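Novice: Residue numbers (full-length UniProt numbering): 1 to 84.
Beta carbons are placed, not taken as given, at the ideal position from N, Cα and C, and that holds for glycine.
As the structure is a prediction and not an experimental result, all values here were calculated from the model.
One structure coming up, written as structure tokens, with questions to follow.
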Amino acid sequence: PQVAPQVAPQVEQLLLAMGGEMSREALQRLLGLQDRKSFRERYLGPALAEGLVEMTIADRPTSRLQRYRLAERGRRCRRERHAG
Numbered sequence: 001p002q003v004a005p006q007v008a009p010q011v012e013q014l015l016l017a018m019g020g021e022m023s024r025e026a027l028q029r030l031l032g033l034q035d036r037k038s039f040r041e042r043y044l045g046p047a048l049a050e051g052l053v054e055m056t057i058a059d060r061p062t063s064r065l066q067r068y069r070l071a072e073r074g075r076r077c078r079r080e081r082h083a084g
């Protein structure tokens, strides 16, 4: 059996909150966070770096149309955490 990767509590919160493709603003609102820099550093950045979340427009990371979605690894991690 595969073991779910160790993730920070903030990243886990993000994984559990995500549904479909979502903007950064929508994710922050959903999590009740206002500080954009803190959200990027503590939630979104680590999730992207660990391959748990992916950008919908990967070649234009600063696009105003950018959305984020769970990557396959993120979906697997979320399933394993819900099962345990």
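1) From what residue to what residue does the alpha helix (DSSP H) around Glu25 run?
2) Measuring alpha carbon to alpha carbon, tell me which residue in Pro46, Thr62, Gly20 is nearest Val7.
3) By DSSP's criteria, Met55 is part of a beta bridge. Which residues make up the other side?
4) Quick check: Glu12 and Arg73, are their CB atoms within less than 9 Å of each other?
5) Taking all protein chains shown into account, do 16 or more other C-beta atoms lie within 10 angstroms of the C-beta of Pro1, making it buried, or fewer, making it exposed?
Specialist: So, to answer that:
1) Annotation for Glu25: the continuous alpha helix (DSSP H) segment containing it runs 24–31.
2) If we check each option's Cα against that of Val7, Pro46 comes out closest.
3) Met55 pairs with Tyr68.
4) Cβ atoms of Glu12 and Arg73: not closer than 9 Å.
5) Confidence at Pro1 is low in this model, with a pLDDT of 47, below 50, so its placement is unreliable and no value can be given for it.
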